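Notes for the one structure printed next.
Number of protein chains: 2
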Amino acid sequence: MSTTAKKKVNLLLIGLSKRGKALLDLLLEMDDVNVAAVCDVYEDRLQNAVQAVEKVYGKKPAASTDYRALLDVPGLDAVFTPSSWTSHVQVCLDAMNAGLYAATEVGGATSVQQCWDLVRTSEKTGKPCMLMENCCYGQEELTILNMVKLGLFGELVHAEGGYRHDLRREICMGHVDRHYRLDNYLHRNGDVYPTHDVGPIAKYLNINRGNRMLSLVSVASKSVGNEAWVKSHLQQYPQLEEINNRDFAMGDVVVTTIKCAMGETITLFHDTSLPRPYSRGNLLQGSKGIWMEDKHSISIEGITPVNEKSWNPHSWYDLNKFYKKYEHPLWKKFRSSGVKGGHGGMDFLVLRAYLEAVRDQTQTPIDVYDTAAWMSLTALSEESVAMGGHPVAIPDFTDGRWINREPIVEGTYCLNKICKPGRKL
Amino acid sequence: MSTTAKKKVNLLLIGLSKRGKALLDLLLEMDDVNVAAVCDVYEDRLQNAVQAVEKVYGKKPAASTDYRALLDVPGLDAVFTPSSWTSHVQVCLDAMNAGLYAATEVGGATSVQQCWDLVRTSEKTGKPCMLMENCCYGQEELTILNMVKLGLFGELVHAEGGYRHDLRREICMGHVDRHYRLDNYLHRNGDVYPTHDVGPIAKYLNINRGNRMLSLVSVASKSVGNEAWVKSHLQQYPQLEEINNRDFAMGDVVVTTIKCAMGETITLFHDTSLPRPYSRGNLLQGSKGIWMEDKHSISIEGITPVNEKSWNPHSWYDLNKFYKKYEHPLWKKFRSSGVKGGHGGMDFLVLRAYLEAVRDQTQTPIDVYDTAAWMSLTALSEESVAMGGHPVAIPDFTDGRWINREPIVEGTYCLNKICKPGRKL
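Taken in order, these protein sequences are the chains called A and B. One gets the working numbering by counting positions in the first sequence from 1 and adding 5 to each. One gets the working numbering by counting positions in the second sequence from 1 and adding 5 to each.
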């Protein structure tokens, strides 16, 4: 390999569905990345990706329908797997054991043991394992993180979030479109997708660095949304007959409330099987103020007006008015250089966060303890739902080190502390 | 007594604080009501009310600091007690045992047994006992009830609500202003005020009439809001020194999730000790659509546009645009005759609902089973919080009759079924 090639991050991309292909296209635009190898269990998706790489690089990447055959591609640095939920953990374990950085698309674990396996393997191999939670890099979420770290909300007390998205089409058409959600929804009941909401919240609350999640309770509603969607679309899509009259195990709405060691509560809503506008349902409350995503607004003592004599002393103020002053420096720079990539730029930023950690051989801003804690919520939520809302303990994946673990405050993509003013990004 | 006087509802009003006095003023405007007797444990409040009655009626009402001395005032029909939370149940029991209709201002129970006592006493005496949940008669809530009963939301699946109101001043100044909240917040931890949210929701979900609440889990955050408020107002109000450095038992945010027999989930937030704009946080989701109070908006298939091909098929539409078509007939009539009374008219409507039931000697639209079920949530929430979020069973106060109890569909103020079109109100 030439010296120039050496500087690039050599990546194995596993999972080339619609989502994986979009991420591949984004990666192919980065001149410090070499997509060295690609994998999908479906041959057509694999060939589609091979052609896309060849079109840009002028040569084909290594390719296989079995990722294990690709872990020893020469020069490989890292793996990223936007594959189906239930494949994420094994891929990451195999990657770390092969001496590679591991990154997984979001999704929850099916057992707590899986999360321990990730932690122990990362500790043993010294390789980071990053859950690619793009919402941690959302413009609104990063601005709020910045405001939290500046102390504007005072002492944090309560947070809410959700994955509130009408996915009935994606779910019910799963067998037609080779999408993994359908089988999960037919068989599992719990918050199977908690990290878009809990990821940013965990960063606000310093989870695993001075705080941790202690326990949760989950309660699931009945399941009617998908069954009804199938019935009403049978004529349009006769292929749905296969799942017509099937009972879905997944409750349409699963509500999870988490208690943290420092006393905060977090309420999460998994809500993907009923008609409703999209929302991540974020809300954050501290001793000095509140942010509510659905109103795209804040009300914070010291920043927004208060009328103590009124029965309703506080009003909402549009967050847009505060971006100029409080926008996170990472986003400020990103905006000025032109926002790139899907999901409003979040995808680009989370990829860069991972790739630059690989390049610099540093810890990832979402580390294996974050990954394990966030993913474990799915398995624990299923347990609690199965036991009628019984509280379940959330393991301390840091083995007690959360008490004294310091926030990582260096690095462009750090999510633990506000970047120092004037620091070059 | 003259025949004319006989037609009036003779009422004993117990509790003459700021809230009680406002209700008294409203009652004194009604020409079919006779405030025959008034009571407050504080002599100054009592005399203030006596004078107010005398000013309007030209004669003094019966009056005492002990309501038990007033239960045998001649001709008395009914009691209404906007007194402190922990006095409500005993007043209602004594009223029913004296052969009177009983009505209580909102608030929760301190034990489940209290709720059974209300039920058994009502059954034994044949006297109704109505929780005066004014929010059941809110314009927005009644419109949604109308839309629910018309089937527009499809099959209901999930509801949320809350009492989200910065009450730090009222709470912390409790000993100064003789307000009951302070002692409750210093000593209790749970959702002490669930009925503004759960009342309307229970009516949407046909609780106690074809459905019931089965179990709940409650989790409480830490308590920091009131302690901080006291500290920051010590200079302004030196009387606060008495509670400076006291620990408040009440978590700033208490999250409760209820599971219903027909499979629905209800999540309630008690959130009164942090700075935030007022909200009852209502949200209702069914197989066809959603209502969200904080956006004052709906999105309902068949009514609002859907773009099935979009990643986000639904949008929010301002509820105001739908009032004309779907407003509840009771509110339509009320508005055309001129909205009266506090809290946007709700107070007037709930009073009329009670008083007309007394006048007509009919069942109250919120009956003793509603009252018991809703009030029990407070005691049960405290139990669950005390046990770390353990699920607790919600009793079936109907002794199994909920399965076949029919909705009350008659009466101007019925909350169980949409009034028949064209029916005279």
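All C-beta atoms, glycine included, are put in the ideal place defined by N, C-alpha and C. Predicted model, so just to flag it, every value in this text is computed and none were measured.
Would you give the residue range spanned by the beta strand (DSSP E) that residue i belongs to?
i, result
"PHE353 (chain B)", "PHE353 (chain B) -> not in any beta strand (DSSP E); alpha helix (DSSP H) instead, spanning 351–365."
"ASP182 (chain B)", "No beta strand (DSSP E) holds ASP182 (chain B); the alpha helix (DSSP H) holding it covers 179–182."
"THR109 (chain B)", "106–109"
"TYR328 (chain A)", "Careful: TYR328 (chain A) lies outside any beta strand (DSSP E), inside the alpha helix (DSSP H) at 325–331."
"SER220 (chain A)", "218–225"
"GLU165 (chain A)", "161–169"
"LEU136 (chain B)", "134–136"
"ASN15 (chain B)", "14–19"
Apply the 10 Å Cβ neighbour rule to residue i and answer buried if 16 or more other Cβ atoms are within range, or exposed otherwise.
i, result
"MET135 (chain A)", "buried"
"VAL181 (chain B)", "exposed"
"PRO280 (chain B)", "buried"
"GLN119 (chain B)", "buried"
"THR9 (chain B)", "Here THR9 (chain B) scores only 43 on pLDDT, less than 50, and its place in the model should not be relied on; the value that follows carries that caveat. Answer is exposed; the Cβ neighbour count stays below 16."
"GLU165 (chain B)", "buried"
"LEU301 (chain B)", "Looking at the sequence shown, residue 301 (chain B) is not Leu but His. The residue in question, HIS301 (chain B), is exposed, as its Cβ has fewer than 16 Cβ neighbours within 10 Å."
"THR309 (chain A)", "buried"
"ILE408 (chain A)", "exposed"
"ARG428 (chain A)", "No answer about ARG428 (chain A) holds up, because its pLDDT of 37 lies below 50 and its placement is not dependable."
"MET6 (chain B)", "Low per-residue confidence applies at MET6 (chain B): pLDDT is 39, beneath 50, and the placement is therefore not dependable, though the value from the model is reported in the following sentence. Exposed, by the Cβ-count rule."
"GLU247 (chain A)", "exposed"
"LYS154 (chain A)", "buried"
"VAL61 (chain A)", "exposed"
"ALA74 (chain B)", "exposed"
"THR417 (chain B)", "buried"
"LYS338 (chain A)", "exposed"
Work out the CA separation of residue j and residue i for me, nearest whole Å.
i, j, result
"TRP316 (chain A)", "PRO282 (chain B)", "10 Å"
"GLY350 (chain A)", "GLY143 (chain A)", "7 Å"
"GLU110 (chain B)", "GLY346 (chain B)", "16 Å"
"THR261 (chain A)", "ASP49 (chain B)", "48 Å"
"PRO87 (chain B)", "GLY20 (chain B)", "5 Å"
"CYS419 (chain B)", "GLN290 (chain B)", "23 Å"
"ASP45 (chain B)", "ALA68 (chain B)", "9 Å"
"ASP276 (chain A)", "HIS201 (chain A)", "13 Å"
"LYS13 (chain A)", "ARG174 (chain A)", "39 Å"
"VAL259 (chain B)", "GLY195 (chain B)", "6 Å"
"TRP234 (chain A)", "ALA207 (chain B)", "27 Å"
"GLY230 (chain B)", "VAL311 (chain A)", "16 Å"
"TYR374 (chain B)", "ARG406 (chain B)", "10 Å"
"PHE327 (chain A)", "ALA108 (chain A)", "33 Å"
"GLY343 (chain A)", "TRP379 (chain A)", "31 Å"
Can you tell which of the options has its C-alpha closest to the C-alpha of residue i?
i, options, result
"SER292 (chain A)", "B:SER302, B:LEU289, B:PHE274 and B:GLY256", "B:GLY256"
"PRO199 (chain A)", "A:TRP321, A:THR115, A:TRP121 and A:LYS12", "A:THR115"
"SER228 (chain A)", "A:GLN241, A:THR272, A:LYS12 and A:TYR190", "A:TYR190"
"HIS170 (chain A)", "B:GLY294, B:GLU246 and B:GLU388", "B:GLY294"
"LYS314 (chain B)", "A:THR417, A:LEU172, A:PRO133 and A:GLU138", "A:LEU172"
"GLU306 (chain B)", "B:GLY204, B:GLY131, B:PHE158 and B:CYS140", "B:PHE158"
"TYR106 (chain A)", "A:ALA391, A:ASP365, A:SER341 and A:VAL197", "A:ASP365"
"LEU382 (chain B)", "B:TYR62, B:VAL117, B:SER22 and B:TYR72", "B:VAL117"
"ASP323 (chain A)", "A:GLU298, A:SER342, A:TRP336 and A:LEU33", "A:GLU298"
"PRO400 (chain A)", "A:ARG410, A:LEU385, A:SER389 and A:PRO412", "A:LEU385"
"PHE253 (chain B)", "B:ILE176, B:LEU273 and B:SER127", "B:ILE176"
"ASP82 (chain B)", "B:GLU146, B:GLU145, B:LEU16 and B:GLU138", "B:LEU16"
"LEU161 (chain A)", "B:MET101, B:SER226 and B:ASN102", "B:SER226"
"THR403 (chain B)", "B:MET137, B:LYS132, B:GLU128 and B:ASN325", "B:GLU128"
"TYR47 (chain A)", "A:TYR359, A:SER89, A:TRP296 and A:LEU32", "A:SER89"
Between which two residues does the alpha helix (DSSP H) carrying residue i extend?
i, result
"ASN39 (chain B)", "Note, ASN39 (chain B): premise wrong, no alpha helix (DSSP H); beta strand (DSSP E) at 38–44."
"ASP197 (chain A)", "According to the sequence shown, residue 197 (chain A) is Val rather than Asp. From DSSP, VAL197 (chain A) is part of no alpha helix (DSSP H); its letter is neither H nor E."
"CYS120 (chain A)", "117–130"
"MET101 (chain B)", "93–102"
"ILE85 (chain A)", "The sequence shown places Phe at residue 85 (chain A), rather than the Ile named in the question. It is not in any alpha helix (DSSP H) - PHE85 (chain A) instead sits in the beta strand (DSSP E) that spans 83–86."
"GLY291 (chain B)", "No alpha helix (DSSP H) holds GLY291 (chain B); the beta strand (DSSP E) holding it covers 288–291."
If the cut is a Cβ gap below 8 Å, which residues of chain D does residue i touch?
i, result
"SER381 (chain A)", "The chain inventory of the structure shown lacks chain D, comprising the protein chains A and B."
At least 3 beta-carbon pairs within less than 8 Å: the region 78–89 of chain B vs the region 30–46 of chain B: Taking 8 Å as the limit for Cβ pairs, the verdict is that the region 30–46 of chain B does touch the region 78–89 of chain B.
Within the chosen definition, does the region 51–59 of chain B reach the region 19–32 of chain B through at least 3 CB pairs nearer than 8 Å? The region 51–59 of chain B and the region 19–32 of chain B touch, with no fewer than 3 CB-CB distances between them shorter than 8 Å.
Determine, using beta-carbon pairs with one atom in the region 327–334 of chain A and one in the region 167–187 of chain B, whether at least three such pairs fall under 8 Å. Touching, no.
Taking contact to mean 3 or more Cβ pairs, one atom from each stretch, closer than 8 Å, check whether the region 213–224 of chain B and the region 263–280 of chain B are in contact. Verdict: yes, contact present.
I want to know whether the region 386–404 of chain A touches the region 379–397 of chain B - three or more CB-CB distances under 8 Å. With contact defined as three or more Cβ pairs closer than 8 Å, the region 386–404 of chain A and the region 379–397 of chain B are in contact.
Under 8 Å, with one C-beta from each stretch per pair, do the region 92–107 of chain A and the region 121–130 of chain A reach the 3-pair mark? Note that the region 92–107 of chain A touches the region 121–130 of chain A; at least 3 beta-carbon pairs, one per stretch, sit closer than 8 Å.
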